[in-house]
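Colleague: Residue numbers (our numbering): 16 to 245.
Where a beta carbon is used, it is the ideal one built from N, C-alpha and C, also for glycine.
Just so we're clear, the structure is a prediction, and the values are computed from it rather than from any experiment.
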């Protein structure tokens, strides 16, 4: 698929999400959008122009999915063996006529359960969002929060943007969760093996300054961290 004229980045990203979801549906591959318009839809991060497409694809169908994208003119930017043989969590797919990239994930560092277990849990919770006229499977709000926290924590030492994201998540998004939502987030982190990844923020009590301020008691309470219901 080649556009007849240069695409604005916002249009390209939305159309690429639609294309990526359409290709997945045609191949009967399970794929979930995890960022960009998903964050905006769930009210997690400020509205901004995404520069790429983030798609989490079930691990057993990665090769078939990438082959289908290749047929549509989208090729992996790096050598494929870097993704497959070295166990890289994602690969970047580009099209010479499109100004954005598609990041195809089979896993996300910080989720320590098996790739299949994590994806199955997220898929069972999926919702859909119409992007560029196409119904795109997306992660639900609690899963989107967990993914955003994991990404921000793991990347904040390298990218200042993610430090800002931690601040927003910890001071605005997380305090708005009620007790049931906080427990749901805890349970999802446990089920996907991400509980230790997010623990540095979850263990803070909101004392002093920094990104921990404002975490709801339902998340920071020790019993929640241990997994107790009492």
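1. Which residue wins for smallest C-alpha separation from residue 76, given the options 69, 89, 111 and 39?
2. So residue 31 is in the alpha helix (DSSP H); what residue range does that whole segment cover?
3. Please name the residue, chosen from 28, 192, 183 and 160, that lies closest to residue 112 on a Cα-to-Cα basis.
4. Who are residue 152's beta bridge partners in DSSP?
5. Which residues bound the beta strand (DSSP E) around residue 46?
6. Buried or exposed: where does residue 66 fall if 16 or more other Cβ atoms within 10 Å of its Cβ makes it buried?
7. Would residue 204 and residue 50 qualify as a contact pair, given that the criterion is a beta-carbon distance under 9 Å?
8. Between the C-alpha atoms of residue 142 and residue 21, what's the straight-line distance to the nearest angstrom?
9. Is there contact here, the stretch 124-134 with the stretch 143-154, by at least three beta-carbon pairs under 8 Å?
10. State buried or exposed for residue 129, treating a residue as buried only when at least 16 other CB atoms are found within 10 Å of its CB.
11. Using only CA atoms, which one of 74, 114, 90 and 107 lies nearest to residue 24?
12. Check residue 105 in the structure and name its three-state DSSP category.
13. For residue 73, which of helix, strand or coil comes out of DSSP?
14. State the start and end residues of the unbroken beta strand (DSSP E) segment that holds residue 119.
15. Can you give the Cα-Cα distance for residue 119 and residue 133, rounded to whole angstroms?
16. Count the other C-beta atoms from every protein chain shown that fall within 10 angstroms of the C-beta of residue 167, then say buried if there are 16 or more, exposed otherwise.
17. What span of residues does the alpha helix (DSSP H) with residue 111 cover, start to end?
Modeller: Let me spell this out:
1. Comparing Cα-Cα distances from residue 76 to each of 69, 89, 111 and 39, the minimum goes to 39.
2. Residue range 24-41 is occupied by the alpha helix (DSSP H) that includes residue 31.
3. It is 28 whose Cα lies nearest to the Cα of residue 112.
4. Answer by DSSP bridge pairing, in chain order: 143.
5. Taken as a continuous stretch (DSSP letters only), the beta strand (DSSP E) holding residue 46 covers 46-48.
6. Counting every other CB atom within 10 Å of its CB across the protein chains shown gives residue 66 a total below 16, marking it as exposed.
7. In this structure, residue 204 lies away from residue 50, with their beta-carbon atoms at least 9 Å apart.
8. Rounded to whole angstroms, residue 142 and residue 21 show a C-alpha spacing of 31 Å.
9. No, the stretch 124-134 does not touch the stretch 143-154.
10. Burial call: exposed.
11. It is 114 whose Cα lies nearest to the Cα of residue 24.
12. Strand, per DSSP.
13. Here residue 73 carries a coil assignment [DSSP, helix/strand/coil].
14. It spans 116-120 - the beta strand (DSSP E) in which residue 119 sits, taken as one unbroken run.
15. Note on geometry: alpha-carbon atoms of residue 119 and residue 133 lie some 15 Å from one another.
16. Result: buried.
17. Secondary structure note for residue 111: it is in no alpha helix (DSSP H), with a DSSP letter that is neither H nor E.
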